[in-house]
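Numbering (our numbering), first residue to last: 197 to 345.
Cβ atoms here follow ideal geometry from the backbone N, Cα and C, with glycine treated the same way.
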Amino acid sequence: MVTGFDSMGRLDNKKNKIRRERMNGFLKPEEIDEILNGNSALLVEKAECVGKAIAKPVSSSQVRAIFGTIKKLQMSAQKGEFGEKQIGTLTLLIPKLYYAAKRSGKKEMEKLRDDLSTMIRKVKDKERFICLCNYLEAILAYHKAFGGK
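See below:
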């Protein structure tokens, strides 16, 4: 979907812009797929790296604000309620991630936003959602372990 030209005379393609934004996170696209497909070893390894990177610049309340919504959805998923409504609620977390990242002004929060936004867009079933929950929970644990306030 071409929208016109940018200031340098290049085609401004919104889809490519979104793709470039996603490449700025902590994770590579293939790592995101592996984590969402249940690679627990990679999940733990990457969550540790991310938790350490965000420990000082990002507050626990910023991470918990994101985690709170996901935790509520996880509880309903454990009751067997996971469908279009829950995916819709999860998708609405993306604008909140953008707001939180912009408000914090921290590069690390923007990287976390990019990774989580990409992951949320790829969640289409309960299994991938549980992997997303586990990843975010591990990040929160490592964030605290590495001195996050």
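Task: Buried/exposed call for Gln274, threshold 16 Cβ in 10 Å - done: When all chains shown are included, Gln274 counts as exposed.
Open item on the list: Quick check on Ser255: does DSSP put it in helix, strand or coil?
Closed with: Note: Ser255 maps to coil in three-state DSSP.
Open item on the list: Going by beta-carbon coordinates alone, are Asp310 and Gly247 separated by less than 8 Å?
Closed with: In this structure, Gly247 does not lie closer than 8 Å to Asp310 by Cβ.
TODO: Round the Cβ separation of Ile335 and Ala261 to the nearest angstrom and send it over; I've been treating them as touching at under 8 Å.
DONE: The beta-carbon distance between Ile335 and Ala261, rounded to whole angstroms, is 13 Å. This is too long to meet the 8 Å contact definition.
- [ ] Could you confirm whether any beta carbon from chain C is found closer than 8 Å to the beta carbon of Asp321?
- [x] Given the protein chain composition of this structure (a single chain), no chain C is represented.
Open item on the list: Assuming Glu230 is part of the alpha helix (DSSP H), what are its boundary residues?
Closed with: Note, Glu230: alpha helix (DSSP H), Pro225 to Leu232.
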